[in-house]
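In the working numbering, the protein residues as written are 3 to 905. Glycine included, every Cβ here is placed at the ideal spot set by N, Cα and C. It should be emphasised that the depicted structure is a prediction, and the values quoted were computed from it without experimental measurement. Structure, as structure tokens:
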């Protein structure tokens, strides 16, 4: 305190201290400076306060070797990151002299130390930058012949500075070591991330190519049947449906291939001279009939001629994707406007619509692959989420940009800005009409939403509630072809009525009181699970059975839906016979329940009281179940929070897994929907018109059915491979004798020939029983397949204890074998050592088995010779000591030369 009682002026004290000090904000702006620092650097306080450090003190432009400011910047960034003091080596930094002293720069040498001042929470409040002017010391060292008097006066300071320099040099070396270690770790993570990107791109490409073969075998026979003539309207309609869905699937495959090419950097640009105005009008013309059909006002404004040089195919693909997007989201009787303008060497295309628009939070992410603005379970429009992503990547290849905002029409406003050099000359342009039709841009109708009118048979009147001659089934399905297929496939002894959204389904159910409801899970306005909740909230629908259709083979989803009140599930694609059986069973159960209720209603008073008591207890149980569901939801939320924390710590790895999950979902929903049409309609053709088709036609239908089944098996195998990589292990002690017997029983119908099984006593192991069953199923079915050409197939199974903690199991067959030089390719995805014609298969079974065993800390290997069969060995952990081989009284046996006793 001063004599007057006022607080000391700390700023003035700081400014007056003899040392050279700067105080810097975390943004490196100067907030305080000592008088000694101003004098040493020949500056004034008003000239530097509030300005950025490196704006006030730039490097000497006349000294190309100047590095003082760069080194200082690195030190300050290190202090901000590590929040610890950082001592720098002696730096050369030249001071700008004022004009009164002749201007220019004066050579100086400095010894800096940067020290952070921290807040209570550990963040950096400011940085104290202290320097000492060691110019005289450096000059003395550089000029050893200085006068003795000067050397004597500087010797003491030299000793002190030498020690400090040595200490700071050591600190710099340690900092460099840490930096090198961090760079090595960063390089490793970058390499791992790059490898994951390459694996994902290769995976997309392999899957797309694998799907093209069965698609070709479907489209070819269908087109030949359609062109052969002699088909009635029903047959032609079914074949048109098969062809349309196959082309939809082909478009999805082509989009995946484009994404894979773009990510791999293999998409080339081919430029030609073109009239962009004509190309714009020609592309828009393909949408005019759709606009007229749906009553949409479609305006196109383009110059009469605009000759430029660009990649015609990519520009047209971008325009088609954006127009298709606009027509998909614009309601009937809405408006769409397309305008092409020219501004200083740039072509600008604006596409506006009166649809729902794009929320600001989603205006960047909708251009990412697989991203869509609608919620997955209630979205109105299909698609894989690749159209806008491909458009953006094509424009990047052409140095263009794409953005989205709010349109004056009330919907979305997409803008393309594309640098366009003028045409090179008067040479001939590409044939735009031929290009547009050849682009079949996978026929334009497949890129557009369907028109408003519903399919024939959908507009049936809602029957009145009350006694009926036939049971009434309500079908709620937004896909019109699938809707009609389900209704056509229902048993002959039922009547049906339809609805095309969840909300319409609830309204129709209330008006018609159906005996059974069949509903898709993913629908617009209201999803299938929301429909179940809405109906179960009405007392009149307590006992109406509900069957849900889903394209997602997800056990957790099924359990949740069953808890919510659904009676049964069907996974797409499904067999018509399975649909008929499940519908008949549920109607029979419902009919029995109604009879029982009628009998109870006509009983005596005590029975009536008992029924009321049972109803009260039923409500109590439902309330208890509701409470349990609430607890389940709370646990699910807690689990989601925990998973989020884990995901934040492993972001790079989970990003790749998330992409695969999105792709698996796309495969399971977008690809299964066309496949189920192919299987269903081809079966209807075989069953209803077998006697009307000639031999070639029946052969074509069989080709279609086999191709569709092959695609379904391939998608199931791909999903099984993904689940094997992501599944959590349910550890238990597994009895291999029992598990092998189960797998053999399941495979018995596939064998169909004489097989000698030699199964030795097997050890118990510690594993996930269900996943281990998948491994045994793949290995034994593999043995059955490759012994098919043997008159007597022999399959041996044995096991041994290699030590106290590891058990080894082997499966040996006398099949065709393989060249051991190719054994390293055996467990790769889509890797096969035999042709598809010789032995069918997806090339995924052994890869799935290998991944499952890796998750168990085990491994799978193979031994084989051509013509002499194959032996697969795998190892697993031993069970707890109480359940070990010794406790069971078993003895480990060596792999049998001749096998055990035949079973």
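If you draw a straight line from the C-alpha of residue i to the C-alpha of residue j, how long is it?
{"i": "residue 1", "j": "residue 106", "result": "Only positions 3 to 905 of the chain appear in the structure, and residue 1 is not among them; the question remains open."}
{"i": "residue 290", "j": "residue 184", "result": "59 Å"}
{"i": "residue 27", "j": "residue 103", "result": "31 Å"}
{"i": "residue 599", "j": "residue 690", "result": "40 Å"}
{"i": "residue 615", "j": "residue 514", "result": "30 Å"}
{"i": "residue 339", "j": "residue 307", "result": "19 Å"}
{"i": "residue 341", "j": "residue 330", "result": "19 Å"}
{"i": "residue 57", "j": "residue 256", "result": "54 Å"}
{"i": "residue 94", "j": "residue 144", "result": "13 Å"}
{"i": "residue 805", "j": "residue 120", "result": "58 Å"}
{"i": "residue 487", "j": "residue 622", "result": "40 Å"}
{"i": "residue 362", "j": "residue 551", "result": "34 Å"}
{"i": "residue 14", "j": "residue 640", "result": "56 Å"}
{"i": "residue 12", "j": "residue 20", "result": "14 Å"}
{"i": "residue 439", "j": "residue 288", "result": "With a pLDDT of 41 at residue 439, under the threshold of 50, the modelled position of this residue cannot be trusted, and the question is left open."}
{"i": "residue 855", "j": "residue 774", "result": "8 Å"}
{"i": "residue 328", "j": "residue 272", "result": "27 Å"}
{"i": "residue 133", "j": "residue 167", "result": "13 Å"}
{"i": "residue 436", "j": "residue 284", "result": "Below a pLDDT of 50, predicted positions are generally treated as unreliable, and residue 436, at 46, falls in that range; no measurement from the model is reported."}
{"i": "residue 117", "j": "residue 77", "result": "10 Å"}
{"i": "residue 583", "j": "residue 681", "result": "18 Å"}
{"i": "residue 731", "j": "residue 769", "result": "8 Å"}
{"i": "residue 574", "j": "residue 239", "result": "21 Å"}
{"i": "residue 47", "j": "residue 114", "result": "20 Å"}
{"i": "residue 546", "j": "residue 526", "result": "23 Å"}
{"i": "residue 368", "j": "residue 504", "result": "26 Å"}
Taking the Cβ atom as the reference point for each residue, do residue i and residue j lie within a distance shorter than 8 Å?
{"i": "residue 126", "j": "residue 82", "result": "yes"}
{"i": "residue 475", "j": "residue 360", "result": "no"}
{"i": "residue 882", "j": "residue 735", "result": "yes"}
{"i": "residue 220", "j": "residue 679", "result": "no"}
{"i": "residue 705", "j": "residue 223", "result": "yes"}
{"i": "residue 860", "j": "residue 876", "result": "yes"}
{"i": "residue 393", "j": "residue 320", "result": "yes"}
{"i": "residue 2", "j": "residue 314", "result": "Any answer about residue 2 is impossible in this case: the structure gives the chain only from 3 up to 905."}
{"i": "residue 337", "j": "residue 292", "result": "no"}
{"i": "residue 537", "j": "residue 548", "result": "yes"}
{"i": "residue 742", "j": "residue 761", "result": "yes"}
{"i": "residue 281", "j": "residue 317", "result": "yes"}
{"i": "residue 578", "j": "residue 498", "result": "no"}
{"i": "residue 218", "j": "residue 676", "result": "no"}
{"i": "residue 22", "j": "residue 135", "result": "yes"}
{"i": "residue 124", "j": "residue 159", "result": "no"}
Could you say which of the options lies nearest to residue i if we only look at CA atoms?
{"i": "residue 746", "options": "798, 697 and 695", "result": "798"}
{"i": "residue 277", "options": "396, 176, 426 and 15", "result": "426"}
{"i": "residue 473", "options": "234, 528 and 587", "result": "587"}
{"i": "residue 347", "options": "179, 421, 287 and 66", "result": "421"}
{"i": "residue 236", "options": "36, 509, 686 and 582", "result": "686"}
{"i": "residue 406", "options": "352, 395 and 868", "result": "352"}
{"i": "residue 863", "options": "871, 617, 847 and 812", "result": "812"}
{"i": "residue 214", "options": "187, 248 and 233", "result": "248"}
{"i": "residue 227", "options": "110, 310, 701 and 878", "result": "701"}
{"i": "residue 816", "options": "417, 800, 177 and 869", "result": "869"}
{"i": "residue 60", "options": "24, 123 and 97", "result": "97"}
{"i": "residue 69", "options": "325, 771 and 90", "result": "90"}
{"i": "residue 738", "options": "707, 779 and 757", "result": "779"}
{"i": "residue 697", "options": "230, 40, 115 and 84", "result": "230"}
{"i": "residue 390", "options": "324, 808, 414 and 335", "result": "324"}
{"i": "residue 355", "options": "343, 349, 335 and 366", "result": "335"}
Consider the Cβ of residue i: report whether some Cβ of chain C lies at a distance smaller than 8 Å.
{"i": "residue 390", "result": "Absent from the structure is chain C; it holds one protein chain and no more."}
Checklist entry - Considering only residues of the segment 240–323, which uninterrupted beta strand (DSSP E) runs meet the minimum length of 3 residues and lie entirely inside it, listed in chain order? => result 274–277, 299–303 and 309–312
Next on the checklist: I want to know whether the segment 582–599 touches the segment 558–565 - three or more CB-CB distances under 8 Å.
Outcome noted: Cβ pair count under 8 Å is below three, so no.
Checklist entry - Between the segment 637–649 and the segment 532–550, do at least 3 Cβ pairs fall closer than 8 Å? => result no
Item to check | Segments assigned alpha helix (DSSP H), at least 4 residues, entirely inside the segment 537–575 | outcome: 557–566
Item to check | Any beta strand (DSSP E) of 3 or more consecutive residues that is wholly inside the segment 74–128 | outcome: 111–120, all fully within the segment 74–128.
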